[in-house]
Amino acid sequence: MEVKVESGGVQEEEKLGWGRSLPVPSIHEIVRNDSYSIPDRYIQEHKDRPQVSESLPASLEIPVIDFSLLIKGDEDERRKFDLACKEWGFFQITNHGIAIEVLHKMKTAVAAFFELPLKEKKKYAMAANDLQGFGQAYVVSEEQKLDWNDMIFLNTLPPEKRNFKFWPVTSPGFKEAVDQYAKEVQKVAAEIYANLSVLMGLDRDGLIKLQGELKQGIRMNYYPACLRPELVLGISPHSDSSALTLLLQDDEITALQIKHKQSWVNVKPVPNSLVVNIGDATEILSNGMYKSIEHRAITTEKKERISIAAFVFPDEEQEIGPLESMVDELHRPRMYRKMKYVDYVRQVFTRKMEGKAHIDIVKLENK
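To convert a position in the sequence shown, counted from 1, into the numbering used here, add 207.
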């Protein structure tokens, strides 16, 4: 097995993972060295700059679901959940059962990693053939605009999918915090998936039986402050290729925005809650009933920000396609073709973030 140096870290040549991304500079390091300048490659085209729409009332907020009621089978809360998935594709959950201490330790561990010297972080750099590790995703050309963030992505569940050469062992408490958080957030995801199964006309374990054991990967993001936040994007508009995404936000900074009725809406943090959104895989399985929603992150000139996104996805070797219970040839004809999930994800990562463009890969009208 050949060993080579990639971006300051020793990596082994292995089979292709989900995809690859071109190496880019650390924006954290750029800001550390010069917080007053914005490199041209980070300045978005005028049409892509973050201008919040004024066509919707500022008070408009995504639905909030009381997870404790959903677990108990409360029909009113399930109907609320159903509407949130259909009309918004995003919602926040409270009373999710994850201890505040677990959330705090996760945020602290992630923040501590990003504060490490660049030389240390590079020890966990992405390999040239995979997306795990410290680096950036969706960078497919030397010309495209870059997002104002650094990230580290890890496969977290099941445990045998972990590759510990990408896990920062020099950051005290990191492994333990990620391990505990991953397990706790997966319990929440499994309950959400069970409720989706029922809404799609299956038994609670219907989607798991069809799609195999739910896998998980966690993307940890660091967004430096920016003196001209109107010129950059923390993360470009996109939908997630996952089945579900569960996001742990900064409790004090509003930066996540979602596309709702063609306008951008702020997702105001509810302290100690999780933001949940429908991913492409669920849109495909539901035959478009539950849509993955375009979203982005903006930056702030006052303070850096951390976010932690847990992506829950089907077994990568399973096919995804509309469930028969969600197809009605007269009223809701089949909208997507079947595709092995790993093939879908690999195609997604060959392209930059482009809003909802990725799901066109499986739309039948584009076949």
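Where a beta carbon is used, it is the ideal one built from N, C-alpha and C, also for glycine.
Since the structure is predicted, the reported quantities are computational estimates derived from the model, not experimental observations.
What residues match up with residue i in a beta bridge as DSSP calls it?
{"i": "H445", "result": "H502, G562"}
{"i": "M358", "result": "G342, N428"}
{"i": "V472", "result": "I465"}
{"i": "I399", "result": "I399 pairs with nothing; no bridge assigned."}
{"i": "K570", "result": "Y543"}
{"i": "F520", "result": "K422"}
Is residue i helix, strand or coil by DSSP?
{"i": "I515", "result": "strand"}
{"i": "V483", "result": "strand"}
{"i": "K466", "result": "strand"}
{"i": "I245", "result": "coil"}
{"i": "E349", "result": "coil"}
{"i": "E526", "result": "strand"}
{"i": "Q281", "result": "At residue 281 the sequence reads Asp, which differs from the Gln that was named. Reduced to three states, the DSSP call for D281 is coil."}
{"i": "D206", "result": "In the structure as shown, the chain starts at 208 and stops at 574, and residue 206 therefore has no counterpart that could be examined."}
{"i": "K382", "result": "helix"}
{"i": "L364", "result": "strand"}
{"i": "L507", "result": "Looking at the sequence provided, one finds Thr at residue 507 rather than Leu. Note: T507 maps to coil in three-state DSSP."}
{"i": "D255", "result": "helix"}
{"i": "F250", "result": "Contrary to the premise, residue 250 reads as Ile rather than Phe in this sequence. It is coil, neither helix nor strand."}
{"i": "L440", "result": "coil"}
{"i": "L451", "result": "strand"}
{"i": "I269", "result": "coil"}
{"i": "E261", "result": "Low confidence applies here, because E261 scores a pLDDT of 49, under 50, leaving its location unreliable; read the following figure in that light. It is coil, neither helix nor strand."}
{"i": "N370", "result": "coil"}
{"i": "S228", "result": "coil"}
{"i": "S275", "result": "helix"}
{"i": "G408", "result": "coil"}
{"i": "V477", "result": "coil"}
{"i": "T489", "result": "helix"}
Would you decide whether residue i is buried or exposed? Buried here means 16 or more other CB atoms lie within 10 Å of its CB.
{"i": "F556", "result": "buried"}
{"i": "I258", "result": "A small fix is needed here, since residue 258 is Gln in this sequence, not Ile. With fewer than 16 other Cβ atoms within 10 Å, it is exposed."}
{"i": "Q469", "result": "exposed"}
{"i": "K559", "result": "buried"}
{"i": "E383", "result": "exposed"}
{"i": "N356", "result": "buried"}
{"i": "Q218", "result": "Any reading at Q218 is ruled out, since the residue's pLDDT is 40, under 50, leaving its predicted position unreliable."}
{"i": "G224", "result": "buried"}
{"i": "G340", "result": "buried"}
{"i": "D567", "result": "exposed"}
{"i": "G441", "result": "buried"}
{"i": "A306", "result": "exposed"}
{"i": "N428", "result": "buried"}
{"i": "P540", "result": "exposed"}
{"i": "L267", "result": "exposed"}
{"i": "M208", "result": "For M208, the predicted model reports a pLDDT of 34, less than 50, meaning its position is unreliable and no value from the coordinates is stated."}
(message) For a minimum of 4 consecutive residues, which ranges assigned as the alpha helix (DSSP H) are wholly contained in the stretch 289-338?
(response) 307-321, 325-328
(message) Going residue by residue through the stretch 529-560, where are the continuous alpha helix (DSSP H) segments of at least 4 residues, counting only ones entirely within it?
(response) 548-555
(message) Under 8 Å, with one C-beta from each stretch per pair, do the stretch 333-346 and the stretch 398-416 reach the 3-pair mark?
(response) no
(message) Quick check: the stretch 455-475 against the stretch 409-427, are at least 3 beta-carbon pairs closer than 8 Å?
(response) no
(message) Taking 8 Å as the cut-off, does the stretch 271-279 touch the stretch 365-385 (at least 3 CB pairs, one atom from each stretch)?
(response) no
(message) Within 8 Å, do at least three Cβ pairs link the stretch 475-494 to the stretch 524-541?
(response) Touching, per the Cβ criterion.
(request) Count the CB pairs spanning the stretch 420-435 and the stretch 238-251 that are closer than 8 Å, and state whether there are at least three. (result) yes
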